[in-house]
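Numbers in the numbering used here are just positions in the sequence shown, counted from 1, shifted up by 1232. Idealized CB from N, CA, C, for every residue including glycine. For clarity, every value in this text was computed on a predicted model and none was experimentally measured.
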Amino acid sequence: MKKLKLILLATITVSMSAYAQDDTRDDLRIGAKVGVNKANIYDENNDEFVADPNYGMAVGGFIAIPIGTYLGFHPEVMFSQKGFKGKGTIFGSEYKLERTTNYLDVPLLFAFKPAKNITLLAGPQYSYLLSRKDEFTGFGIDINDEEEFENENLRKNTMGAAVGLDLNFNNIVIGGRASWDLQDNHGDGTSSTPRYKNMLLQATLGIVF
């Protein structure tokens, strides 16, 4: 009974806060945010390779440009960690690979604002690969490899798509995003790295200046 009362009290408090907040849909808003990524890959070109999610951080800035009350344009610049934990077989031998990739993501999102505290977002995303770290275990060896991106056989610039939802509470923004690469990680097609595309779920907490 006590837990139920606490839940009801929290619900009423959040509802009153949302009702009392200012309508900022017509305002130009600039802010910063930080959060966590749940990253994985899809469209793997390797039937003997299985990928599991990897977790990383996300931090960056955003600007909300109103186009009237209900529409807007929301570009962002985010440092975003992606990657995966994978396992597979080569010549009958098992191996494990944990890959962490650091990207500069630039989502260019169009906004629909049906209510003063809700923003729906969708649009293209450009991603630039900054660096990569691999941890490989297999064949009786352990290898840790961290390097800046210099291999021209892998794609450095990638186009993708992103969708999201923002909950706006005055100067606080709670955001969720999902994004997918539309191009695979291979550049000229000669790389020996398994082919894949990144996908990402992201949760962030932002502040408007």
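- Boundaries of the beta strand (DSSP E) harbouring residue 1341: 1325 to 1347, taken from the DSSP string.
- At least 9 Å separates the beta-carbon of residue 1433 from that of residue 1407.
- Only residues of its own chain outside the window of five on either side were considered, and among them 1318, 1319, 1320 and 1426 have a CB closer than 8 Å to the CB of residue 1281, listed in chain order.
- Annotated as proximal: residue 1388 and residue 1361, with beta-carbon spacing under 9 Å.
- The DSSP-derived three-state label of residue 1428 is coil.
- Collapsing the DSSP output to three states places residue 1311 in a strand.
- Residue 1347 counts as exposed, since fewer than 16 other beta carbons sit within 10 angstroms of its beta carbon.
- Collapsing the DSSP output to three states places residue 1300 in coil.
- Distance from the CA of residue 1296 to the CA of residue 1358, rounded to the nearest whole angstrom, comes to 18 Å.
- Per DSSP, the continuous beta strand (DSSP E) segment holding residue 1265 begins and ends at 1261 to 1274.
- Per DSSP, the continuous beta strand (DSSP E) segment holding residue 1390 begins and ends at 1389 to 1401.
- By the C-beta density criterion, residue 1310 is buried, having at least 16 other C-beta atoms within 10 angstroms.
- Restricting attention to 1307, 1339 and 1366, the CA atom closest to the CA of residue 1391 is found in 1339.
- Residue range 1350 to 1370 is occupied by the beta strand (DSSP E) that includes residue 1362.
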